[in-house]
Each structure stands twice: as C-alpha cells, then as structure tokens.
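If you read the sequence shown in this note's numbering, its first letter stands for residue -16, the second for the next number, and so on. Built from N, CA and C at the ideal position, the CB exists for glycine as well. Bear in mind the structure is a predicted one, so any value in this text is a computation, not a measurement.
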Amino acid sequence: MNELSDNIGSESTWNRLTQRMHDQQWPASTLYVVATPIGNLGDLSIRAWQTLLRCDVIAAEDTRSSRALLDAWGVSTPLVAAHRHNEAEAAQAILARLSAGERVALVSDAGAPAVSDPGARIVRAVREAGYRVTPIPGASAVIAALMGSGVTTDENPAFVFAGFMPPKPTARQKWLQHWCAIAAPVVMFESPHRLEAAVRDIASVCGPDRNITFARELTKRFEQIHTVRAADAASWLAEDSHRSQGEFVLIVHQAPDAAVEHTDASTVVLIDALLESLSLRDAARVAAKVTGLPRDTLYALALSRKGNTHKNEDLAD
C-alpha cells in the first residue's frame, strides 16, 4: 500500500470526510434518490451511505438484496418495498411520510433508481406534490461501460442509452433498425440467455462490420470489456462459455463513415431503388459494386433510407 493509500485509510482522514457530511444540509420532507453499487460494495459513496443512515425509511426495489447492502455498511434504517408492481401504492405511502416531515430514500437493486429501473413514477408523484427530490449519484453500468470502451471522445461525446432489447426476434430486429440508424454509439442491456441471438441480429440489422463492445460483470471479480466486429461476435462468445455468463452492457458503435449526408443524390436514388427488392445487406453490397464506395457507408445510408421509406417491411433477411 502506498503512502497515499495509508493516508486515506487513516482514522483522521475518515473522520474529516464524515464530518463534511455532518456539516451538509439534510432537508426533511425530501425524497433522496440514491444510486447503489452495481456489483462492488465499495462503490457506495460516502454521501450515499450517510443519506441511508439519516433517512427515516428506505423504499427498496427488493428489500432482501438491499438489506445485504445495508448490513455491509452498518445501516439499520427500516426498509419498505417499492417495486414496479406496487409503485403507485408505494408513491402514496411515500407522500404520506413526506407530509409528516420524514426523509425517504429510494433505491433499486443496483445502480440508479428511475433509470431503466423502477422509481420514475414515484419521483414524478413526489415532484408533482411539491416535495423536494434530491438525487444522490453513484455507480452506473452505462457510464462504466462507456469509460472502459473509449467509444466516445471529448470532441464527439454523444451516445444513446436504449435500455433492454425486446426479447422476441421480430420486435428486437425492428428495435435495432431504429437504434442503429442513429449516428452515435448506442448502449443497451441484454440477458445472458438471449445474448447469442441478439448479437446475430445486430450483425444482420446493423451491419457485419459494425463494432460491438461487450462489458460483462462490471465492477465484479470477472469483469471483462472487449470490442469485436459484429460479424465475429457470435464466434468470439462461442470460444469460451464464460463469455456468455453474467450481466451485460452492450455498446453498438457508430457506423463507419456514418456521415451519409455527404453521399451524392444519385447514390441515394440507387439505394432507394435497390431497397424495393433487396435486403439492407444486399442493397449495400450491390451499391458498393456499382459506385465503388465503402459498403459500410452504403449500409448506413440504406439503413437510414429504409427507415424513411420501408417502415412496415419485415426485417428478417
């Protein structure tokens, strides 16, 4: 352990940090929306820990998993359930507590409540009732995946978070058609048991040369972040059975040469004509032979044109 680590671990340093928390304001009649660790218990912030200690009650998506976190951090604050199946009732119960001057914390199983997790209805109800909502930020699987992938830059920081993929193939393909037409990296979640089918659909719908970043088991012991071409993704997963295990964040990278707005009008006309009878992949392949332009650029153009003129077409190729 280096000198800096020794200083951070000292009692005096810890006391200074906690004293700063004591000096902060903790308004009553406030809903504190608290981000919790996504796998590593050490990722709970000191401010989040102090919030959970100081609140009168914690509304949790799963009281059992939250109790394990609270026990690890020495928090004995009572828990009540607030999940997607009782969110309306939970919101009313929370409003009653806020009206009595209590401080209420809202947590999900992992990560940020109300972001691809239950909680948004509660937050809206509290705000509409005129009470204060204070976010307590923390660990995020989306941000961690972006940090580890290098897919965004300070010059091009844009990305899109699309949530979970639809489970059924046809719905998933149409969903991918929409998101892959966006000129930015797209971050999404997928379950391990659907992962192989999902990456095959990404290769088919978004293009075989599109890059995919797999961010697996983030912040945990077997964390893995790997980028591969969509065409090679299924074989990469098959090389090691462990690669399909755990919790996944996927990033579909922006299409190469995605600035299709610079394509000349004659190429657009050609793509539109080809799409009348060909799939996205075949239209891009034929257009590449005719024009000499990169197939990835033409695929991105075909994807954007198909969205405009062929919205009702079945995507299964």
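In the assembly as shown, Glu44 is a buried residue. Its beta-carbon has 16 or more other beta-carbons within 10 Å. In terms of Cβ geometry, Ala167 and Ala141 form a close pair [threshold 9 angstroms]. If you look at Thr202, you'll find it isn't in any beta strand (DSSP E); DSSP assigns it neither H nor E. In the three-state DSSP reduction, Arg86 falls in the strand class (E or B). In the same chain as Trp162, and ignoring 5 residues on each side of it, the C-beta atoms closer than 6 angstroms to its own belong to Ala145, Val169, in chain order. Counting the other CB atoms within 10 Å of its CB gives Phe147 a total below 16, which places it among the exposed residues. Taking a cut-off of 8 angstroms for Cβ pairs, the stretch 224 to 233 and the stretch 186 to 198 touch, as three or more such pairs fall below it.
Membership of Ile208 in the beta strand (DSSP E) is indicated by the continuous run 207 to 212.
Rounded to the nearest angstrom, the gap between the Cα atoms of Ala214 and Arg278 is 14 angstroms. Under DSSP, Pro118 forms a beta bridge with Val16. Closest in C-alpha terms to Ile119, from the list Pro10, Ala266, Thr34, comes Thr34. Pairing Ala11 with Glu70 gives a Cβ-Cβ distance that is not under 9 angstroms. Note on geometry: alpha-carbon atoms of Ala74 and Ala83 lie some 14 angstroms from one another.
Scanning Thr274, Gly275, Ile254 for the CA closest to the CA of Ala266 turns up Ile254. In the structure shown, Glu173 adopts extended strand secondary structure according to DSSP, grouped into three states.
Looking from the CA of Thr250, the closest CA among Ala270, Glu259, Gly190 belongs to Ala270. Here Val125 is not near Val16, since their CB atoms are 9 angstroms or more apart.
The closest CA to that of Arg67, considering only Arg177, Ser99, Gln7, Asp137, is found on Ser99.
By the Cβ-count criterion, His5 is exposed, with fewer than 16 other Cβ atoms from all chains shown falling within 10 Å of its own Cβ.
A Cβ-Cβ distance of about 14 angstroms is found for the pair Ser49 and Leu36, leaving them out of contact under the 8 angstroms criterion. The three-state reading of DSSP puts Val252 in helix, counting H, G and I together.
With at least 16 other beta carbons inside 10 angstroms of its own, Thr19 counts as buried.
Its Cα nearest to that of Gln156, the residue Leu263 stands out among Ala65, Ala79, Leu263, Ala76. The DSSP-derived three-state label of Val188 is helix. Here the alpha carbon of His236 sits roughly 24 angstroms from the alpha carbon of Leu258.
Inter-residue distance for Asp54 and Thr1 is about 19 angstroms (C-alpha atoms, whole angstroms). Take Thr202, set aside five residues on each side of it, and the residues of its chain with a beta-carbon closer than 8 angstroms to its own are Pro20, Ile21, Gly22, Asn23, Asp26, Ala122, Ala127, in chain order.
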